[in-house]
Each structure stands twice: as structure tokens, then as C-alpha cells.
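Participant: Take a look at the following structure, please.
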Amino acid sequence: MTELGAVERTAFLTAALRAAETQRADRLYEDPFAAALAGDIGPSLLAEIRAVTFPATAPRTLPSTPDYNAIRTRFFDDWLLASVESVPRAQVVIAPAGLDSRAFRLKWPSDVTVFEVDRPQVLAAKQELLGAATPSVDRRTIGADMVSDSWTDELVAAGYDPDRPSVWLLEGLLYYIPESAVHRVLDSVASVTAPGTLVAADVVNSDALVLPQMRGLLDVFAGWGCPWRFGTNKPEALFAGHGIEAVAVQPGEPSADFGRWPDPVPPRTDTGVRRVFFVHGRRFPS
Ligand SMILES: C[S@@+](CC[C@H](N)C(=O)[O-])C[C@H]1O[C@@H](n2cnc3c(N)ncnc32)[C@H](O)[C@@H]1O
């Protein structure tokens with residue numbers, strides 16, 4: 001397998017989380033590909049995170065990482081499947097896709113196309129690990145750097161039509177890149193999306209980057225070489241600034257709980273709280 005960078009290896013962490021969820025009797029979804037995709041490296045990355053967030057000899061320091069990831073996956077599974085019902089001949093862009101297997105495991109309408117964008121070495125590793133698995137949809141892969149100028153051209157070259165409304169999921173990316181790159185990515189998305197396009201993403205709040213109770217988790221990611229770099233307390237304004245009218249939902253709120261979030265969700269006016277937002281909205285005419 002090609003040598004992977006630190007942020008690229010986080011794709012194996014999320015695959016390990018999906019494999020662990022798939023083992024549970026009360027699982028929120030089933031990902032039959034996750035265990036193979038996680039390989040050996042995914043479970044060892046997950047063990048490092050668990051040791052920090054669920055120390056054996058002390059109370060947990062944070063809301064549950066495994067439950068958070070299970071809720072995130074299920075929330076965006078449901079959002080994607082609902083979104084393709086409202087966008088004719090939907091083009092779904094999962095960027096970055098990492099080792100996500102939605103193009104294989106979800107039941108898509110037959111006229112959907114799924115475009116997966118990620119770094120070329122991640123997509124090459126994914127292909128190797130998936131072997132002969134057959135996607136459940138027309139799946140196209142685009143190996144590219146999403147902070148470059150050219151990745152949207154490569155998306156179009158793969159058959160994506162920027163003049164038709166589409167469905168985009170930016171999952172597990174924005175906290176790893178600096179603020180200037182976040183704006184660049186969202187500008188790129190805006191440049192190739194027609195009005196009516198549906199967009200979703202996850203983003204952490206600014207406090208999550210500095211709170212003392214986050215230190216252990218932040219240190220793990222920094223130690224791996226992929227520190228968290230971006231958060232915002234105003235996710236709706238961030239997306240509005242790039243042409244997307246969005247709402248932000250937090251895990252534990254009624255539409256993002258699934259009986260699995262263990263903590264109360266403090267009101268948005270409370271400060272000094274770690275938050276994650278599931279943002280989803282619609283591209284408005286520019
Ligand atoms: C935590 S994983 C999330 C992947 C997937 N959305 C999921 O939930 O499994 C982060 C992914 O972001 C990708 N990534 C980070 N920076 C990127 C960039 N500049 N261009 C393309 N992909 C990037 C990494 O390669 C990795 O696959």
C-alpha cells in the first residue's frame with residue numbers, strides 16, 4: 001500500500017469506528033465493508049483515541065467519540081438518501097470520501113451518480129482493500145487535493161455537471177485544514193454548484209480547539225501530525241458567506257440523537273462548551 005500522510009490515515013480511524021458500530025446489536029447502520037477497510041491500522045488509531053476519551057481509571061472527559069461517529073454516519077446517511085429523492089438524477093459528491101462505503105452499502109435510486117473525492121493515495125488504498133466489491137450505484141473516483149485550484153475541473157472531467165443541482169457531503173474535513181483553506185474549499189464548491197444544490201458538512205466550534213477538557217483528544221491528533229485547525233461558533237454564517245443557506249444541528253438534539261447521545265445539549269448561547277455541528281442547507285442563487 002502507498003505511504004499515507006497523517007490526515008489520510010484518519011480515514012482508517014473512521015472506518016474502524018464504522019466497523020465497531022457494525023458489531024453492535026443496537027447499531028445505527030451496517031457497514032459490511034468497514035472492517036476490511038479499517039485494516040490493522042484503524043483499530044490501533046481508535047484504541048489511542050479511546051484511551052484518552054475513556055481512560056480506564058478515570059471518568060470520561062468528553063462526549064463519546066464512538067457514539068458521536070455513529071450518529072454522524074447515520075445522520076448523513078439519512079440526509080443523503082432524503083436529498084437524492086428531491087434532486088432529479090442526483091449527482092452526489094462525497095468529498096472527502098476517505099474509506100466511506102456509502103456508494104456500496106446504501107440503496108440509491110438507479111439514476112444517481114456518486115462522485116468520491118479524496119487524495120489519490122487514499123483512493124488507491126481503498127480500491128486495493130475493496131477488492132472485487134461492486135458499488136450499488138454509478139461510482140466515480142477523483143483523486144485530488146481539495147485545497148488545490150484544479151480539483152473541481154477534475155470533478156467535471158469525471159462527468160459532473162455543474163449546471164445541474166447536486167448533493168454534496170463534506171464530512172470529516174473542515175477541522176483539519178486552516179481557515180483560509182476552509183474558505184477556499186467552500187468557494188470551490190460554490191463555483192461548481194447550481195442553485196438548489198443541497199450541501200452538508202460537519203464542523204466543530206471554536207471552543208473545541210482550546211478547551212482544557214479537549215486537550216487530550218487534540219494532543220492525539222496533533223501527535224499524529226494532523227492537528228485540528230479550524231472551528232467556528234457561527235456555522236450558519238460561514239456557509240451563508242459561500243452561498244449556502246444552512247441550519248446547524250448538534251448531536252443530542254432530537255433530529256440527531258438516535259437514542260445514543262449521553263449528554264444534555266447546552267443552549268447555543270452557552271460559551272465554553274465543546275460542540276460539533278451537522279450543517280445542512282441549500283445553495284441559493286448568486
Ligand atoms: C477523517 S477522514 C473522513 C473521510 C470520510 N468522509 C469519512 O467520514 O470516513 C478525513 C479524510 O480527509 C481527506 N483529506 C484531508 N485533506 C484533504 C485534501 N486537502 N484533499 C482531499 N482529501 C483530503 C483525508 O485523505 C481523509 O481521507
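Residue 31 in the UniProt record's numbering is what sits at position 31 of the sequence shown, and the numbering runs on without skipping anything. No residue lacks a Cβ here, since even glycine has one placed at the ideal position from N, Cα and C. Note that the coordinates shown come from a computational prediction; the quantities given were computed from them, not determined experimentally.
(1) Does residue 177 come out as helix, strand or coil in the three-state DSSP assignment?
(2) Looking only at its chain, what residues have a beta carbon closer than 8 Å to the beta carbon of residue 284, apart from the 5 residues adjacent to it on each side?
(3) Just to confirm, does residue 29 get its C-beta within under 8 Å of one of the non-hydrogen atoms of ligand 1?
(4) Taking residue 121 as the reference, which of 44, 102, 105, 96 has the closest Cα?
(5) What did DSSP end up calling residue 183 once you bin it into helix, strand or coil?
(6) By DSSP, does residue 42 sit in helix, in strand, or in coil?
(7) Among residues of its own chain, excluding the 5 on either side of residue 359, which ones have a beta-carbon nearer than 8 Å to its beta-carbon?
(8) Just verifying my parser: in three-state terms, what is the DSSP assignment at residue 18?
(9) Please determine if the stretch 225 to 244 and the stretch 156 to 164 are in contact, where contact requires at least 3 C-beta pairs separated by less than 8 Å.
(10) Beta carbon of residue 117, beta carbon of residue 90: below 9 Å?
(11) Report yes if the C-beta of residue 82 is less than 8 Å from at least one heavy atom of ligand 1; otherwise report no.
(12) Is it buried or exposed for residue 23, if we count other Cβ within 10 angstroms and need 16 for buried?
(13) Once DSSP output is grouped into helix, strand and coil, what is the label at residue 261?
(14) For residue 215, count neighbouring C-beta atoms within 10 Å of its own C-beta (all shown protein chains included) and say buried if the count is 16 or more, exposed if not.
(15) Measuring alpha carbon to alpha carbon, tell me which residue in 151, 275, 258, 74 is nearest residue 100.
(16) On the CB-based measure, 16 or more other CB atoms within 10 Å of its CB, does residue 57 come out buried or exposed?
Facilitator: Taking the structure as given:
(1) Here residue 177 refers to the residue found at position 177 when the sequence shown is read from its first residue. DSSP places residue 177 in coil when its eight states are reduced to three.
(2) One-based indexing of the sequence shown puts residue 284 at position 284. Excluding sequence neighbours, residue 284 sits near 195, 243, 244, 245.
(3) The residue labelled residue 29 in the question sits at position 29 within the sequence shown. No, ligand 1 has no heavy atom inside 8 Å of this Cβ.
(4) The sequence position of residue 121 within the sequence shown is 121, counting from 1. For residue 121, the nearest C-alpha among the options comes from 96.
(5) For the purposes of this step, residue 183 is taken as residue 183 along the sequence shown, with counting starting at 1. Correct three-state label for residue 183: helix.
(6) Here residue 42 refers to the residue found at position 42 when the sequence shown is read from its first residue. In this structure, residue 42 counts as helix in the three-state DSSP scheme.
(7) Not covered by the structure: residue 359. The range shown for the chain is 1 to 286.
(8) On the sequence shown, residue 18 is found 18 positions in, with the first residue counted as 1. Of the three classes helix, strand and coil, the one that applies to residue 18 here is helix, per DSSP.
(9) no
(10) The residue labelled residue 117 in the question sits at position 117 within the sequence shown. The residue labelled residue 90 in the question sits at position 90 within the sequence shown. Going by C-beta atoms, residue 117 is not nearer than 9 Å to residue 90.
(11) Position 82 of the sequence shown holds residue 82. No.
(12) Counting from one through the sequence shown, the residue named residue 23 turns up at place 23. Per the 10 Å Cβ criterion, exposed.
(13) Taking the first residue of the sequence shown as 1, we reach residue 261 at position 261. Residue 261 falls in the coil class under three-state DSSP.
(14) In the sequence shown, the residue the question calls residue 215 occupies position 215. Under this definition residue 215 is an exposed residue.
(15) In the sequence shown, counting from the first residue as 1, residue 100 sits at position 100. Taking only the C-alpha atoms, the option nearest residue 100 is 74.
(16) As a working mapping, residue 57 is identified with position 57 in the sequence shown. Exposed, by the Cβ-count rule.
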